[in-house]
DNA sequence: CTTGAGCATAAACATATGTGAGTGCAGCTC
DNA sequence: GAGCTGCACTCACATATGTTTATGCTCAAG
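Protein chains in written order, with the working numbering: chain V, 1 to 242; chain D, 1001 to 1242.
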């Protein structure tokens, strides 16, 4: 495998400086890299992992199945996301994580994480920050789900994904690769597949996006933001002392 | 004020042991206590707090207002909850926090939190855990909002609040004091006030709850859990080494 | 004792979104 | 190149939930 910047480091460095020692500690934390194929579980509900999974490449979704078989996706993960860092302290997974595409995953043993919390306070805060941003995204999704129309909600999600992918260098101009089916989008937004389709058509008709195959292009960022009532504050994209 | 167990310590000790030194560090972290009246903001969106607020008594809500004036509540907080611990690292508040009742609030300066992360790794992990549980609750709410019926969602919320209040000794038998209006419940569940009323009537008619004034009594826990598809795993109520 | 505010409740009606069933295309496999 | 399979996409119809407006309680203020 070619040596390239770990996307987690890329992600954290947008929020605060990391010392060389901290970066080394992170790089060394990775014990092994694994490939998970699309539609396979990366972690299952009820598992008690002894290591956490860092997504190096691909798309993954945290999800939960409810009684009538319906599924809700509570988070979408992209390169650089520490998928189940929370299992380090929460111990038991209360939801599963699914690979939406082929995923390249690095593993960090919980014992290593514990050592980091013992020895690197600032790096610990940065990992904590990472989970706090996940929480902020959850809150934003709750607001969008509860109080925005389906169309606005979809626009919001697209804005968010674009910025998150941009933060880890995964955009090409105004285009992102979004290899997610409409059914999966429905499970993310809490909508039916049919309605996802209607909503996407509307965004297309309004000239806000183009979405063919996996390539999603943002045609009018300002209007898309407005439709989705999107502000990026919650993503904490500023570099600050933390 | 009478000296009584800090509800945060109570809350954390359900999840793992705290040493005397850690408890002392927590007690000492509190710089001043303040009363906030019902319907006042505790923190406002856009604020950059230099201290975090710990709720000692009362009910508070994290909320966000969207364009047409509608409001979404993304979290309900009870005694022992560290309302905006995340502002320690996220810096800028992306939402406001409102007192739903008169609230007694302790303040912990961010500088003190930083010192704790430098000196008390295990206590740091416990505070981190605290924010992780908030995140787990967010995910659960997302699932309930996206994929449960309004009635099930309400039942779910009631189950959760009951257990969370029980964990800090705020239940009397099967009854909790829930001084929250139906409009506020609507903003929490993403429903209209009218529909909240319908749904509560249904739960009453089914003999699952009694809810008069502020007193909410659970009449049939098992059936309420079933209706709300509630499992408590996500609340991490087990004591474990963390 | 009256007034008014804030809520819970109600009924009639409106609509965003869900459901079920089906079509057609693009890319695989054999 | 025939036949699958997985998706995007459509249409007709169903329904959960929202909206508007109004009523009546309860409790505090005067």
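Ideal Cβ positions, reconstructed from N, Cα and C, are used throughout, including at glycine.
Owing to the predicted nature of the structure, the values given are computational and were not obtained by experimental measurement.
Mind checking which residues open and close the alpha helix (DSSP H) that includes residue 104(V)? Your numbering for residue 104(V) matches position 104 in the first chain. From DSSP, residue 104(V) is part of no alpha helix (DSSP H) but of the beta strand (DSSP E) over 103 to 109.
Per the DSSP calculation, residue 76(V) is bridged to which residue(s)? The count along the first chain starts at 1 and reaches residue 76(V) at position 76. Beta-bridge partners of residue 76(V) (DSSP): 61(V).
Smallest Cα separation from residue 994(D): which of 1226(D), 1021(D), 1082(D) and 1190(D)? Nothing about residue 994(D) can be reported from this structure: the residues present for chain D run from 1001 to 1242 only.
Taking a contact to mean a Cβ-Cβ separation below 9 Å, would you say residue 1064(D) touches residue 1095(D) in this structure? For the purposes of this step, residue 1064(D) is taken as the residue at position 64 of the second chain. For the purposes of this step, residue 1095(D) is taken as the residue at position 95 of the second chain. Closer than 9 Å, so yes.
Distance, residue 27(V) Cα to residue 1228(D) Cα: To locate residue 1228(D), count along the second chain from 1; it is residue 228. To locate residue 27(V), count along the first chain from 1; it is residue 27. Just so you know, the alpha carbons of residue 1228(D) and residue 27(V) end up roughly 43 Å apart.
Just confirm the distance between the C-beta atoms of residue 144(V) and residue 138(V), as a whole number of angstroms; I'd bet it's less than 8 Å. Position 144 of the first chain, counted from the start, is the residue given in the question as residue 144(V). Position 138 of the first chain, counted from the start, is the residue given in the question as residue 138(V). Between residue 138(V) and residue 144(V) the Cβ distance is about 11 Å, and since that is not below 8 Å, they are no contact.
Using 8 Å as the threshold, is the stretch 161 to 172 of chain V in touch with the stretch 108 to 124 of chain V, meaning 3 or more CB pairs across them? Result no; under three Cβ-Cβ pairs closer than 8 Å.
Any alpha helix (DSSP H) of 4 or more consecutive residues that is wholly inside the stretch 99 to 163 of chain V: List check, alpha helix (DSSP H) in window: 110 to 119 and 121 to 147.
What residues in its chain sit with their C-beta under 7 Å from that of residue 207(V), if we drop five residues either side in the sequence? Here residue 207(V) is taken as the residue at index 207 of the first chain, counted from 1. Contacts found: 219 and 220.
Using a Cβ-Cβ distance under 9 Å, would residue 223(V) count as near chain D? The residue you call residue 223(V) lines up with position 223 of the first chain. Answer no: the Cβ-Cβ gap between residue 223(V) and chain D never drops below 9 Å.
What is the residue span of the alpha helix (DSSP H) that residue 168(V) lies within? As a working mapping, residue 168(V) is identified with position 168 in the first chain. No alpha helix (DSSP H) contains residue 168(V), which DSSP labels as neither H nor E.
Considering just the uninterrupted stretch of the beta strand (DSSP E) at residue 1020(D), what are its terminal residues? Here residue 1020(D) refers to the residue found at position 20 of the second chain. For residue 1020(D), no beta strand (DSSP E) segment is defined; the enclosing uninterrupted segment is the alpha helix (DSSP H) at 1020 to 1029.
Secondary structure of residue 1186(D), DSSP reduced to three states: As a working note, residue 1186(D) is residue 186 in the second chain. When DSSP states are grouped into helix, strand and coil, residue 1186(D) belongs to the helix group.
Give me the residue from 1077(D), 1211(D) and 1209(D) with the minimum Cα distance to residue 1059(D). Against the second chain, residue 1059(D) aligns to sequence position 59. Out of 1077(D), 1211(D) and 1209(D), 1077(D) has the C-alpha closest to the C-alpha of residue 1059(D).
Look at the alpha carbon of residue 39(V) and the alpha carbon of residue 1107(D), and state the distance between them as a whole number of angstroms. As a working mapping, residue 39(V) is identified with position 39 in the first chain. As a working mapping, residue 1107(D) is identified with position 107 in the second chain. Cα to Cα, residue 39(V) sits roughly 46 Å from residue 1107(D).
For chain D, check one thing: does any of its Cβ atoms lie closer than 9 Å to the Cβ of residue 134(V)? The sequence position of residue 134(V) within the first chain is 134, counting from 1. Yes - at least one Cβ of chain D is within 9 Å of the one on residue 134(V).
Sub-9 Å separation of residue 1177(D) and residue 1214(D) beta-carbons: For this step, residue 1177(D) is matched to residue 177 along the second chain. For this step, residue 1214(D) is matched to residue 214 along the second chain. Cβ distance < 9 Å, so residue 1177(D) and residue 1214(D) count as in contact.
Quick check: what's the CA-CA separation for residue 170(V) versus residue 103(V)? For the purposes of this step, residue 170(V) is taken as residue 170 along the first chain, with counting starting at 1. For the purposes of this step, residue 103(V) is taken as residue 103 along the first chain, with counting starting at 1. The alpha-carbon of residue 170(V) is positioned some 15 Å away from that of residue 103(V).
Listed by chain order, chain D residues near residue 89(V) by CB distance under 8 Å: Along the first chain, one-based indexing puts residue 89(V) at 89. Per Cβ cutoff of 8 Å: 1125, 1128, 1129, 1132 and 1242.
Compare the C-beta of residue 52(V) with all C-beta atoms of chain D and state if any pair is closer than 9 Å. Position 52 of the first chain holds residue 52(V). The beta carbon of residue 52(V) does not come within 9 Å of any beta carbon belonging to chain D, so the residue lies off that interface.
Euclidean distance between Cα positions of residue 1216(D) and residue 1223(D): One-based indexing of the second chain puts residue 1216(D) at position 216. One-based indexing of the second chain puts residue 1223(D) at position 223. Their backbone Cα atoms lie some 16 Å apart in a straight line.
Residue 236(V) classed as buried or exposed, judged by whether at least 16 other C-beta atoms fall within 10 angstroms: As a first step, residue 236(V) must be located in the first chain, where it is residue number 236. Buried, since its Cβ has 16 or more Cβ neighbours within 10 Å.
Is there contact between the stretch 119 to 132 of chain V and the stretch 1128 to 1142 of chain D, where contact requires at least three CB pairs shorter than 8 Å? Three or more pairs of CB atoms, one per stretch, sit closer than 8 Å, so the stretch 119 to 132 of chain V contacts the stretch 1128 to 1142 of chain D.
Contacting positions in the stretch 1063 to 1076 of chain D - beta carbon closer than 8 Å to chain V: Within the stretch 1063 to 1076 of chain D, the residues whose Cβ lies closer than 8 Å to some Cβ of chain V are 1064, 1066, 1067, 1070, 1071, 1072, 1074 and 1075, listed in chain order.
In angstroms, rounded to a whole number, what distance separates the CA positions of residue 1002(D) and residue 1023(D)? Numbered from 1 along the second chain, position 2 holds the residue referred to as residue 1002(D). Numbered from 1 along the second chain, position 23 holds the residue referred to as residue 1023(D). Low confidence applies here, because residue 1002(D) scores a pLDDT of 40, under 50, leaving its location unreliable; read the following figure in that light. Each residue's alpha carbon lies about 18 Å from the other.
Mind checking whether residue 1242(D) and residue 132(V) have CB atoms under 9 Å apart? Counted from its first residue, the second chain places residue 1242(D) at position 242. Counted from its first residue, the first chain places residue 132(V) at position 132. Not a contact, by the Cβ cut-off of 9 Å.
Beta-carbon contacts of residue 199(V) that lie in its chain and below 6 Å, excluding the five residues immediately before and after: Looking up residue 199(V) in the first chain gives position 199. Cβ neighbours of residue 199(V) beyond the five flanking positions: 150, 151 and 154.
Does the Cβ of residue 20(V) have 16 or more other Cβ atoms within 10 Å, making it buried, or fewer, making it exposed? Along the first chain, read from residue 1 onward, the residue named residue 20(V) stands at position 20. Residue 20(V) comes out exposed.
Leaving out five residues before and five after residue 34(V) in sequence, what residues of the same chain have Cβ atoms less than 6 Å from its Cβ? As a first step, residue 34(V) must be located in the first chain, where it is residue number 34. The residues are 105.
In terms of DSSP beta bridges, what is residue 1216(D) paired with? Within the second chain, the letter at position 216 stands for residue 1216(D). For residue 1216(D), which the question treats as bridged, DSSP gives the partners 1176(D) and 1211(D).
Using the three-state DSSP reduction, which class does residue 1003(D) fall into: helix, strand or coil? Numbered from its first residue, the second chain carries residue 1003(D) at position 3. Legend: pLDDT at residue 1003(D) = 48, less than 50; position of this residue unreliable, no value from coordinates given.
Give the range of the alpha helix (DSSP H) segment to which residue 36(V) is assigned. Locating residue 36(V) in the first chain gives position 36, counting from the first residue. That residue, residue 36(V), is in no alpha helix (DSSP H); its beta strand (DSSP E) goes 32 to 36.
Do you know offhand how far residue 194(V)'s Cα is from residue 1147(D)'s? Position 194 of the first chain, counting from 1, holds the residue named residue 194(V). Position 147 of the second chain, counting from 1, holds the residue named residue 1147(D). Per the coordinates, the alpha-carbon of residue 194(V) lies some 16 Å from the alpha-carbon of residue 1147(D).
List, in chain order, every chain V residue whose beta-carbon is nearer than 9 Å to that of residue 1142(D). Taking the second chain and counting its residues from 1, one reaches residue 1142(D) at position 142. Chain V residues near residue 1142(D): 64, 72, 73, 74, 75, 138, 141, 142, 145 and 190.
Chain D beta carbons: is any one of them nearer than 9 Å to that of residue 216(V)? As a position in the first chain, residue 216(V) is number 216, starting the count at 1. Taking Cβ atoms only, chain D never reaches closer than 9 Å to residue 216(V), which makes this a no.
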